[in-house]
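Enquirer: Numbering (my numbering), first residue to last: -16 to 143. The beta-carbon is built from N, C-alpha and C at its ideal position, and this holds for glycine as well. Here the structure is a predicted model, which means the values were calculated and not measured.
1. So the alpha helix (DSSP H) residue 135 belongs to, where does it begin and stop?
2. Here's the rule: buried if 16 or more other CB atoms are within 10 angstroms of the residue's CB, otherwise exposed. What is residue 71?
3. Taking the straight line between their C-alpha atoms, what separation do you get for residue 94 and residue 104?
4. Between 116, 75, 54, which lies nearest to residue 106 when the distance is taken from Cα to Cα?
5. Do you know offhand how far residue 133's Cα is from residue 113's?
6. Near residue 102, which residues of its chain fall below 8 Å by C-beta distance, leaving aside the five closest residues on each side in sequence?
7. Which residue from 125, 131, 52 puts its Cα closest to that of residue 86?
8. What's the gap between the Cα of residue 125 and the Cα of residue 80?
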């Protein structure tokens, strides 16, 4: 618990924690001290292949898209453009990964529906946000409009 923030029902890696803390920490200072650590169990959901992962949980990845979108729209609404650019970049990287992982699962339609819904509300800002580099904007538009490019890239990476 940090001030009035509780993380009881959050499934989104450390994103929520980081966003809330950084927004509340007006005088934050970087220290080179290990504050916490964790160990993943061998049977952790993150060690399973994509199909098993999607079978086990109603895709925590899909929930991550929703969480990032809500952070972007609600928490960062009145924040600096740089913060919003960071969130957009992270959101679209997550979208590409979710679409790739869900492509041969029963969650494909659900993932596509959520992705389409989020994209309809955020692509205009991607175009307008001056804190997103041209390179990042191009990557977002190419990967979003041509999913096979991301699939090809992932296939190439698996060959190495």
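Expert: Reading it off the structure:
1. 130 to 142
2. By the Cβ neighbour-count rule, residue 71 is buried, with 16 or more other Cβ atoms within 10 Å of its own.
3. Taking the straight line joining both Cα atoms gives about 16 Å.
4. That would be 75, whose Cα lies nearest to the Cα of residue 106.
5. 25 Å
6. Counting only Cβ-Cβ distances below 8 Å, and skipping sequence neighbours, we find 78, 127.
7. 131
8. 14 Å
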